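Chemist:
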Amino acid sequence: MASVLVVEDDQFVRSALIRHLTEAAHAVRSVGTALEALREVAQVGFDVVVLDLGLPDLDGAEALKMLRGVTDVPVIIATARDDEAEIVRLLHAGADDYLVKPFSVAHLSARMAAVLRRTRAGEFGGGSGESAGDGVLRVGGLVVDPLRRMAQLDGAVLALTRREFDLLAFLAGRPGVVVPRKELLAEVWQQSYGDDQTIDVHLSWLRRKLGETAARPRYLHTLRGVGVKLEPPRGGEDGPG
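For the sequence shown, the positions run 1 to 241 when my numbering is used.
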């Protein structure tokens with residue numbers, strides 16, 4: 001089973017995809033615009049996004065570019081444009097796969113399964129930090145399971161995007177260690193260079209889900225000009241880092 005976001009403005013196509021994917025035991029959410037899709041991926045963790053190109057507010061290619069700015073969730077393009085040059089451009093822009101309409105739900109399910117196999121095979125583990133011997137990382141009331149890609153805070157499951165989880169797992173594997181931003185870009189984003197704002201945005205989202213702020217951190221502490229560290233709260237108080 002996978003959690004799927006369907007981005008499709010045609011209500012008939014959208015309803016059919018929701019029905020068939022749900023019958024195939026997938027957890028499905030759907031939106032009809034690119035901006036709604038961006039809000040969804042920022043707030044909810046998905047395994048895969050099915051993205052139509054003909055959206056009413058933004059062209060799907062532009063939507064893909066914006067999605068790639070905030071998440072690396074696998075994206076399957078659904079398009080009526082049978083143009084090889086366009087398809088190649090989209091794959092280079094960050095799409096993981098594509099389907100030309102009309103297509104069967106069985107075909108879509110097979111492509112989803114293939115994309116998810118590739119994605120999960122490439123995911124990194126939880127690092128070399130404190131674990132219980134079962135690979136589960138525990139830092140204070142925070143529990144991170146890299147193999148199952150699940151995280152809990154004080155017993156409550158956290159709804160994290162794929163990139164938020166990767167960032168949290170990487171830091172939880174090195175509790176108390178200040179990780180330079182360059183290392184975060186290299187290990188979490190697989191980039192040798194990039195914009196620090198990318199890290200700041202994801203840290204902000206992660207802090208919100210951990211119930212803290214940059215001004216009153218509990219787990220995530222930023223050392224200006226140095227890096228970021230994750231450590232358990234000090235004496236249960238929200239002190240500055």
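Ideal Cβ placement from N, Cα and C applies to all residues, glycine included. Quick caveat, the model's predicted, so the values are computed rather than measured.
1) Look at the alpha carbon of Asp72 and the alpha carbon of Ala95, and state the distance between them as a whole number of angstroms.
2) Quick check on Thr79: buried or exposed, where buried means 16 or more other Cβ atoms within 10 Å of its Cβ?
3) In the DSSP assignment, find the unbroken alpha helix (DSSP H) run with Gln43 in it and report its ends.
4) What are the residues that DSSP puts in a beta bridge with His221?
5) Take Asp166 as the anchor and find which of Pro233, Leu203, Val139 and Met112 has the nearest alpha-carbon.
6) Any C-beta of chain B sitting closer than 9 Å to the C-beta of His221?
7) Within the continuous alpha helix (DSSP H) that includes Met150, where are the two ends?
8) Have a look at Val144 and Leu171 and give me their C-alpha separation to the nearest angstrom.
9) Using the C-alpha atoms, what's the distance from Leu147 back to Gly126?
10) Return the Cβ separation of Glu36 and Arg29 in integer angstroms, given the expectation that the two are a contact with Cβ distance under 8 Å.
11) Contact between the region 172 to 184 and the region 80 to 95: three or more CB pairs below 8 Å?
12) Between the alpha carbons of Ala132 and Arg138, how many angstroms are there, rounded?
13) Gln43 and Ala156: beta carbons closer than 9 Å?
14) Helix, strand or coil for Ser264, going by three-state DSSP, please let me know.
15) Which full runs of the alpha helix (DSSP H) of 4+ residues lie inside the region 76 to 105, going along the chain?
16) Indicate, with yes or no, if the ligand ZN has a heavy atom lying under 8 Å from the CB of Leu167.
17) Where does the unbroken alpha helix (DSSP H) through Ala172 begin, and where does it stop?
18) Ends of the beta strand (DSSP E) at Leu137?
19) Between Ala25 and Ala2, what straight-line distance do the alpha-carbon atoms span, to the nearest angstrom?
20) Using 9 Å as the threshold, is the C-beta distance between Asp52 and Glu8 below it?
21) Using 10 angstroms around the beta-carbon of Val188, count the other beta-carbons present and answer buried if the total reaches 16, otherwise exposed.
22) Taking Cβ positions, are Leu4 and Val70 nearer each other than 9 Å?
23) Is Leu216 helix, strand or coil when you go by DSSP?
24) Taking 8 Å as the limit between beta carbons, can you name the residues of its chain near Ser128, skipping five residues before and five after?
25) Can you tell me which of the three DSSP states Ala16 falls into?
Modeler: Taking the geometry as given:
1) 10 Å
2) buried
3) Ala34 to Gln43
4) Answer is Lys229.
5) Leu203
6) Within the model displayed, chain B is absent; a lone protein chain is all it includes.
7) Premise fails: Met150 lies in the beta strand (DSSP E), Met150 to Leu153, not in any alpha helix (DSSP H).
8) Using only the alpha carbons, I get a separation of about 10 Å.
9) Because Gly126 sits at a pLDDT of 39, beneath the cut-off of 50, its placement in the model cannot be relied upon, and the point is left open.
10) Actually they do not touch by this definition, with Cβ atoms about 10 Å apart.
11) The region 172 to 184 vs the region 80 to 95: no contact.
12) Only weak support is given to the placement of Ala132: the predicted model assigns it a pLDDT of 44, under 50, and the value that follows is read from those uncertain coordinates. So the alpha carbons of these two residues sit roughly 8 Å apart.
13) no
14) Outside the shown range of the chain, which is 1 to 241, sits residue 264, and nothing can be said about it.
15) Listed in chain order, they are 84 to 92.
16) Within the structure as shown, the ligand ZN is missing, as the structure has no ligands at all.
17) Arg162 to Ala172
18) Leu137 to Val139
19) In a straight line, the C-alpha of Ala25 is about 8 Å away from that of Ala2.
20) In terms of Cβ geometry, Asp52 and Glu8 form a close pair [threshold 9 Å].
21) Note on Val188: 16 or more other CB atoms within 10 angstroms of its CB, so buried under the neighbour-count rule.
22) Going by the sequence as given, residue 4 is Val instead of Leu. Contact check for Val4 against Val70 fails: the beta carbons are separated by 9 Å or more.
23) The sequence given here has Arg at residue 216, not Leu. The three-state secondary structure of Arg216, taken from DSSP, is coil.
24) Caution applies to Ser128, whose pLDDT of 39 falls short of 50 and renders its modelled position unreliable; the model cannot decide the point.
25) helix
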